[in-house]
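Q: Got a structure here, written out as structure tokens. Questions coming.
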Amino acid sequence: MDSLILLEGVSFRYEGAGSRALDDVRLSIAPGEFVGVIGPAGAGKTTLAHTLSGVVPHVRRGDFYGSARVAGLDTVTASVVELSKTVGCVFQDVESQFVTTMVEDEVLFALENFDVPRDEIPARVDRALADLNITDLRSRGISTLSGGQKQKVALAAALALAPSALVLDEATGELDPASSVQVFGLLSQLRRERGTTIIVIEQKIMLLCAYADRLLVMDQGRVVIDGPVRRTLEQPDRLLSLGVNCPRVTTLAARLREKELYHGPPPINLDEAETMVREAMA
Amino acid sequence: MQGVLEYQGGGTVLHRAHPLVKLALAAVVCVGGFVTRSLLVNLALLALSICGGFALGLGGKVKSSLKGAGSLCLFLFVVQLPFVRAGRTLVPLPFGLGITDEGLRFCARFAARLLGATLPLVLMLGVTRLSDLTNTLVAQLGIPYRYAFVVTTAIRFIPVLFVEMRDVIEAQTARGVELDGSFTRKIKLIPPLCVPLLVSCAQRMENNALAAELRGFYLRKRGSGYRRYPLTGSDALLLAVCGLVAAAAIIT
């Protein structure tokens, strides 16, 4: 399958920085994949997200090496605007992403800018708000919302454009557990129904593992592990040494395996964990 | 003052009015206050704004504005009053200063003008979404989108600055900085309060610009706005009010 996102030997050093934020990153993501990105602070996760959106090297300047292509566009030669038609982004600091004062205006902003046909706009706004379950916030001022509600508005604004790829950089940090599950469920649905490629940088690893097909583990600007979720979770010691906390059920599976009490794949949810425990007890 | 410049939803005639008509009405009341020479007209315009504010359901904003701008007006009134020498001296003061009847009139008019110029703008922003204002400035006045956006973003950032300032004060207080004390002590507190505020605001503005760019800011054209703003009968009526206010200010 052709790649929607293809990074070949991408390295990037921010202006004035001593070390590289990205170091020889090689990555291929197919359309419709759900990829989770984890790693310790300073691993280069946000720089990777910025590379996919063209912010690096167009806005955040520095030395860029290698080739990054998104939907056939070279991120170095294509403008941020061209790339943003394909890649929707929600970044960490959700507060500073708002460019209007009202929820409805925020969702409208990009649709107006990208000249989405007028007759399509109401349905897109309605759907984006309904998908995030925030239709009741439509006429509210953004400053009156809670942190979690703001994150949902930022997500709705990104979703309204129906991008081919969606990059979320710790965009569910302020959501309560139930809302986080709802957002991940929505992302999964988007992938299934519209074939949207989802790239999520997230600290909630258990949640990520339940939805992603593939995990990228980054450390010091490099992708040090890249593989299916279960295969990645089979290396709890290595993940721990990289500063990534493995889900507890996975760590338990590794210990049971060491004692030859369990022989199956690492569980990624409670049901699987229950099956594992039953097998170990038997 | 937080929230004073923010839109407050409602169903009044002014809420539904054309954004440019609201802007015109606010401008006429503001400028009218400076054009007229009559203190009575100044006070009438001020009363019109206050009553209008309460009628629009923006009583909280009116009170906050009166409190904020009123303090400034009172300060300026007291500072200026002894230095106006024209007119009949009512209360002589040391160093050749004094309170004169002309000084009282001048300072009262000055305070009324300042208050009268503040309130209409606060009320206009209270009944107008900034996006509607931007859209009409661009679509109907032909102002380039980036300039209109800069203006409305600057207005939008004022309450954000207040929130940031509050956060900085809370953070510094939590770290043991005592905000009460003598004047010189307060002067010394400016760097620990202002430096983090400036840094966080600069960072926020940069991220905000980035967010706008990522969502097609530079693609925006004159006709990109989704909403349309037709002029209605009530807009014509409000324009007539604008004319009356302007006439009253010029005549008096």
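Same order as they appear, the protein sequences are chains V and D.
Heads up: the first sequence at position 169 corresponds to 172 in this note's numbering, and the numbers run straight through without jumps.
Heads up: the second sequence at position 138 corresponds to 517 in this note's numbering, and the numbers run straight through without jumps.
Just so it is clear, CB atoms sit at the ideal spot from N, CA and C, and this is done for glycine as well.
These numbers were taken from a predicted model, which means no experiment stands behind them.
Between Arg233 (chain V) and Ile271 (chain V), how many whole angstroms is the CB-CB distance? I'm expecting something under 8 Å.
A: 7 Å
Q: Return helix, strand or coil for Pro471 (chain D), following the three-state DSSP convention.
A: strand
Q: Does the CB of Glu549 (chain D) have a neighbour CB from chain V at under 8 Å?
A: no
Q: Please report whether the beta-carbon of Leu512 (chain D) lies at a distance below 8 Å from any beta-carbon of chain V.
A: no
Q: Determine whether the beta carbon atoms of Pro43 (chain V) and Leu245 (chain V) lie at a separation below 8 Å.
A: yes
Q: Output the distance between the C-alpha atoms of Ala625 (chain D) and Ala619 (chain D), rounded to the nearest integer angstrom.
A: For Ala625 (chain D) and Ala619 (chain D), the gap between their C-alpha atoms comes out near 10 Å.
Q: Could you spell out the range, first to last residue, of the alpha helix (DSSP H) harbouring Phe112 (chain V)?
A: Its alpha helix (DSSP H) spans residues 106 to 116.
Q: Please classify Asp274 (chain V): is it buried, with 16 or more other beta-carbons within 10 angstroms of its beta-carbon, or exposed?
A: Exposed.
Q: Which complete alpha helix (DSSP H) runs does the stretch 405 to 480 of chain D hold, if anything under 4 residues is left out?
A: 418 to 434, 438 to 459
Q: In chain D, which residues lie less than 7 Å from Leu111 (chain V) when you measure between Cβ atoms?
A: Chain D residues near Leu111 (chain V): Tyr605.
Q: Could you check whether the Cβ of Glu592 (chain D) sits closer than 8 Å to any Cβ belonging to chain V?
A: yes
Q: Since Arg225 (chain V) sits in a beta bridge, which residues does DSSP pair it with?
A: V:Asp222
Q: List, in chain order, every chain V residue whose beta-carbon is nearer than 8 Å to that of Tyr386 (chain D).
A: Thr104, Met105, Gly144
Q: So Gly595 (chain D) contacts chain V; which residues on that side make the cut at Cβ distance below 7 Å?
A: Residues of chain V whose Cβ lies closer than 7 Å to the Cβ of Gly595 (chain D) are, in chain order, Val84, Ser87, Ala113, Asn116, Phe117.
Q: Look up Ile522 (chain D) in the DSSP assignment and say whether it is helix, strand or coil.
A: coil
Q: Does Ser56 (chain V) come within less than 8 Å of chain D when only Cβ atoms are used?
A: yes
Q: Using only the alpha-carbon positions, how far apart do Glu205 (chain V) and Gly39 (chain V) sit?
A: 7 Å
Q: Write down the C-beta distance between Leu425 (chain D) and Leu494 (chain D) rounded to the nearest angstrom, noting that I regard them as a contact closer than 8 Å.
A: 6 Å
Q: Please say whether Ala159 (chain V) and Ala126 (chain V) have beta carbons closer to each other than 8 Å?
A: no
Q: Could you work out which residue in D:Pro571, D:Gly388, D:Ala403 is closest to Thr552 (chain D) when comparing CA atoms only?
A: D:Pro571
Q: Hey, how far is the Cα of Val184 (chain V) from the Cα of Ala52 (chain V)?
A: Approximately 22 Å between the Cα atoms of the pair.
Q: Which residues, taken in chain order from the stretch 183 to 198 of chain V, show a beta carbon closer than 8 Å to some beta carbon of chain D?
A: none
Q: For a minimum of 3 consecutive residues, which ranges assigned as the beta strand (DSSP E) are wholly contained in the stretch 35 to 76 of chain V?
A: Qualifying beta strand (DSSP E) stretches, in chain order: 37 to 41, 65 to 73.
Q: Would you mind telling me which residues of chain D sit closer than 9 Å to Cys328 (chain V), beta carbon to beta carbon, in chain order?
A: Here chain V comprises residues numbered 4 to 285, so residue 328 (chain V) is not present and cannot be evaluated.
Q: Taking the C-alpha atoms as reference points, what is the distance between Glu385 (chain D) and Pro538 (chain D)?
A: 8 Å
Q: Using the beta-carbon of each residue, which ones in chain D are nearer than 8 Å to Val62 (chain V)?
A: Leu589, Glu592
Q: Consult DSSP for Pro231 (chain V) and reduce its assignment to one of helix, strand or coil.
A: strand
Q: Between the stretch 89 to 103 of chain V and chain D, which residues of the former have CB atoms less than 8 Å from a CB of the latter, in chain order?
A: Cys92, Phe94, Asp96, Glu98, Ser99, Gln100, Phe101, Val102, Thr103
Q: Going by DSSP in three states, Glu261 (chain V) sits in which element: helix, strand or coil?
A: helix
Q: Take the Cβ of Arg416 (chain D) as the centre, count every other Cβ of all protein chains shown within 10 Å, and call the residue buried at 16 or more, exposed below.
A: exposed
Q: Out of curiosity, what's the CA-to-CA distance linking Gln223 (chain V) and Arg217 (chain V)?
A: 20 Å
Q: Over the uninterrupted beta strand (DSSP E) stretch that includes Cys92 (chain V), give me the two end residues.
A: Bounds of the beta strand (DSSP E) holding Cys92 (chain V) are 90 to 93.
Q: Would you tell me roughly how many angstroms separate the C-alpha atoms of Arg525 (chain D) and Pro120 (chain V), rounded to the nearest one?
A: 22 Å
Q: Can you pull the DSSP bridge partners for Ser99 (chain V)?
A: BP columns for Ser99 (chain V) are empty, so no partner.
Q: Short of 7 Å in beta carbon distance, which residues of its chain neighbour Ile145 (chain V), apart from the five on each side in sequence? Order them along the chain.
A: Counting only residues of its own chain and dropping the five nearest sequence neighbours on each side, Ile145 (chain V) has a CB closer than 7 Å to the CB of Phe101, Thr104, Met105, Val106, Glu109, Lys153, Val156.
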